[in-house]
Amino acid sequence: MTNRVGRLWSSGSVDTHPCGRALFQWSDQVEDRIFHSFRHVFKNASSVFNDKFHVPQSRLGRGGSKETPIVLDGCSKKDFASLMKVLSPTRNHVASGAFSLSREEWLGVLRLSTIWEINDIRKHTLTPLYQKEQDVTPFDLILRAREFRIRSWFLKALTRIVTGLHSIPMESLIRTLGLPTACKVVDLQRETTVVGAFGMHRGFLTHPVTQSPCMSSQT
Numbered sequence: 003m004t005n006r007v008g009r010l011w012s013s014g015s016v017d018t019h020p021c022g023r024a025l026f027q028w029s030d031q032v033e034d035r036i037f038h039s040f041r042h043v044f045k046n047a048s049s050v051f052n053d054k055f056h057v058p059q060s061r062l063g064r065g066g067s068k069e070t071p072i073v074l075d076g077c078s079k080k081d082f083a084s085l086m087k088v089l090s091p092t093r094n095h096v097a098s099g100a101f102s103l104s105r106e107e108w109l110g111v112l113r114l115s116t117i118w119e120i121n122d123i124r125k126h127t128l129t130p131l132y133q134k135e136q137d138v139t140p141f142d143l144i145l146r147a148r149e150f151r152i153r154s155w156f157l158k159a160l161t162r163i164v165t166g167l168h169s170i171p172m173e174s175l176i177r178t179l180g181l182p183t184a185c186k187v188v189d190l191q192r193e194t195t196v197v198g199a200f201g202m203h204r205g206f207l208t209h210p211v212t213q214s215p216c217m218s219s220q221t
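In terms of the numbering used here, the sequence shown opens at residue 3 and continues consecutively.
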């Protein structure tokens, strides 16, 4: 935990904020932008932030003012602004029970909630993302599944590839999945779909069966 927190926060000298306001509020810098929030919002959301703020009240560190912000490394201001919308919702968001975030904003929330172990927010982001097949291609869904470690997305993408009636280049399968997994997918597609039964897979139309990467890997 200590090493992880050390990577997230920049070190700095200890400063005391006047009037004790920093006990409740904090300032952080992401890239070239300063954000302000209440400490309890982040402390309650993630143990990563809770550990950082667990200091004696008489020794307030960085974050007490915009002059001495805590610098957050490894994230973009765009992603952080999206996360702030969810952690500190507006009155309209609370009244409607929904957030008006774009898909890219939700991905930013998912990215930071994964890094900072904000598990309830991470779980919530899965609801508005990729509910319809037309929202994302199977290959892009696999890449997202690996980036965010979401098993259900990975299985959903593989299912679409295996049962899909559209041709998928063998080169794309290998590039995205790796040769062993790509070969397993091709085998499943042969067994379960009309595409496979009639040899309609583009990888096998452009390469003779005897020269297929999957065939050569099994010899």
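Ideal Cβ placement from N, Cα and C applies to all residues, glycine included. Since the structure is predicted, the reported quantities are computational estimates derived from the model, not experimental observations.
Problem set entry | Val-111, buried or exposed, once every other Cβ within 10 Å from all chains shown has been counted against 16 | The sequence position of residue 111 within the sequence shown is 109, counting from 1. By the neighbour-count rule (16 or more Cβ atoms within 10 Å), Val-111 is buried.
Problem set entry | Per-residue DSSP class, three states only, for Arg-258 | Any answer about residue 258 is impossible in this case: the structure gives the chain only from 3 up to 221.
Exercise. Would you report the Cα separation of Gln-136 and Arg-148, rounded to the nearest angstrom?
Worked result: If you number the sequence shown from 1, residue 136 lands on position 134. If you number the sequence shown from 1, residue 148 lands on position 146. Taking the straight line joining both Cα atoms gives about 20 Å.
Exercise. Between Phe-82 and Leu-114, is the Cβ-Cβ spacing less than 8 Å?
Worked result: As a working note, residue 82 is residue 80 in the sequence shown. As a working note, residue 114 is residue 112 in the sequence shown. A contact, by the Cβ cut-off of 8 Å.
For this session: Report the residue from Ile-163, Leu-145 and Leu-89 whose alpha carbon sits nearest the alpha carbon of Arg-124.
Result: Position 122 of the sequence shown, counted from the first residue, corresponds to residue 124. For the residues Ile-163, Leu-145 and Leu-89, the minimum Cα distance to Arg-124 belongs to Leu-89.
For this session: Round the Cβ separation of Phe-141 and Thr-165 to the nearest angstrom and send it over; I've been treating them as touching at under 8 Å.
Result: Position 139 of the sequence shown, counted from the start, is the residue given in the question as residue 141. Position 163 of the sequence shown, counted from the start, is the residue given in the question as residue 165. In fact, because the Cβ distance is near 15 Å, the residues do not count as touching under 8 Å.
For this session: Report the residue from Pro-91, Ile-170, Leu-145 and Ile-120 whose alpha carbon sits nearest the alpha carbon of Val-50.
Result: Numbered from 1 along the sequence shown, position 48 holds the residue referred to as residue 50. If we check each option's Cα against that of Val-50, Ile-120 comes out closest.
Exercise. With distances taken between CB atoms, is the gap from Leu-160 to Val-187 smaller than 8 Å?
Worked result: Here residue 160 refers to the residue found at position 158 when the sequence shown is read from its first residue. Here residue 187 refers to the residue found at position 185 when the sequence shown is read from its first residue. The answer is yes: Cβ separation under 8 Å.
Problem set entry | Bounding residues of the alpha helix (DSSP H) (the contiguous stretch that carries Phe-150) | Here residue 150 refers to the residue found at position 148 of the sequence shown. Here the alpha helix (DSSP H) through Phe-150 covers 140–150.
Exercise. Whose C-alpha, out of Ser-48, Arg-162 and Leu-181, is nearest the C-alpha of Thr-194?
Worked result: By 1-based counting over the sequence shown, the position of residue 194 is 192. Thr-194 has its Cα closest to that of Arg-162, out of Ser-48, Arg-162 and Leu-181.
Exercise. Cα-Cα, which of Pro-91, Ser-174 and Glu-69 is closest to Leu-145?
Worked result: Here the question's residue 145 lines up with position 143 in the sequence shown. The candidate whose alpha carbon is nearest that of Leu-145 is Ser-174.
Exercise. Taking the C-alpha atoms as reference points, what is the distance between Ser-84 and Arg-192?
Worked result: In the sequence shown, counting from the first residue as 1, residue 84 sits at position 82. In the sequence shown, counting from the first residue as 1, residue 192 sits at position 190. If I take the Cα positions, the gap works out to 43 Å.
Problem set entry | First through last residue of the alpha helix (DSSP H) which encompasses Pro-182 | In the sequence shown, residue 182 corresponds to position 180, counting from 1. Element bounds for Pro-182: 181–194.
Exercise. Which stretch, first to last residue, makes up the alpha helix (DSSP H) that contains Ile-117?
Worked result: For the purposes of this step, residue 117 is taken as residue 115 along the sequence shown, with counting starting at 1. Start and end: 105–117.
Problem set entry | Identified DSSP bridge partners for Arg-35 | Stepping through the sequence shown from its first residue, residue 35 is reached at position 33. For Arg-35, which the question treats as bridged, DSSP gives the partners Val-32.
Problem set entry | Contacting residues, own chain, Cβ-Cβ under 6 Å from Leu-131 (five flanking each side not counted) | Translated into the one-based positions of the sequence shown, residue 131 becomes position 129. Answer for Leu-131: Trp-108, listed in chain order.
Exercise. Does the distance from the CB of Ser-48 to the CB of Trp-118 come in under 8 Å?
Worked result: Residue mapping note: residue 48 aligns to position 46 of the sequence shown, counting from 1. Residue mapping note: residue 118 aligns to position 116 of the sequence shown, counting from 1. Taking 8 Å as the Cβ cut-off, Ser-48 and Trp-118 qualify as a contacting pair.
Exercise. Leaving out the 5 sequence neighbours to the left and right, which residues in its chain are closer than 6 Å to Leu-103 when beta-carbon positions are compared?
Worked result: Within the sequence shown, numbered from 1, the residue matching residue 103 stands at position 101. Within the same chain, Leu-103 has no close Cβ partners at all.
Exercise. Nearest CA to the CA of Lys-68: which residue from Gly-76, Phe-150 and Ser-39?
Worked result: Position 66 of the sequence shown, counted from the first residue, corresponds to residue 68. The option with the nearest alpha carbon to Lys-68 is Ser-39.
Exercise. Nearest-angstrom Cα distance between Gly-76 and Phe-37?
Worked result: Residue 76 sits at position 74 when you count from the first residue of the sequence shown. Residue 37 sits at position 35 when you count from the first residue of the sequence shown. Roughly 16 Å between the two C-alpha positions.
For this session: Pick out whichever of Glu-33, Asp-34 and Phe-44 has its Cα sitting closest to the Cα of Asp-122.
Result: In the sequence shown, residue 122 corresponds to position 120, counting from 1. With distances taken between Cα atoms, Asp-122 lies closest to Phe-44.
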